[in-house]
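Engineer:
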Amino acid sequence: MNNKEFEQFVLDNGKEILRFCRMTCADREAGDELYQDTMLKLLSKMRSLDLL
145 MNNKEFEQFV LDNGKEILRF CRMTCADREA GDELYQDTML KLLSKMRSLD LL
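Count along the sequence shown starting at 1, add 144, and that's the number in my numbering.
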């Protein structure tokens, strides 16, 4: 997956992932932080696996 494909993944799935994070957490701010942490972890893992 290259940068453009990752960007498209986020555009296609970001809202659903954010919704899930917010439903999982006690409040909206915690959900937003979970979403940010999730996306950063995904990006980091993809880079470490040389997928980006």
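Using N, Cα and C, we set each Cβ at its ideal position, and we do this for glycine too.
Quick one: what does DSSP say Leu193 is sitting in, helix, strand or coil?
Structural biologist: Residue 193 sits at position 49 when you count from the first residue of the sequence shown. Coil, per DSSP.
Engineer: Please confirm whether Arg163 and Arg172 have their CB atoms less than 8 Å apart.
Structural biologist: Along the sequence shown, one-based indexing puts residue 163 at 19. Along the sequence shown, one-based indexing puts residue 172 at 28. Cβ atoms of Arg163 and Arg172: not closer than 8 Å.
Engineer: Give the straight-line distance between the Cα atoms of Ser188 and Phe150, rounded to the nearest whole angstrom.
Structural biologist: As a working note, residue 188 is residue 44 in the sequence shown. As a working note, residue 150 is residue 6 in the sequence shown. Looking at the backbone, the Cα of Ser188 and that of Phe150 are separated by about 12 Å.
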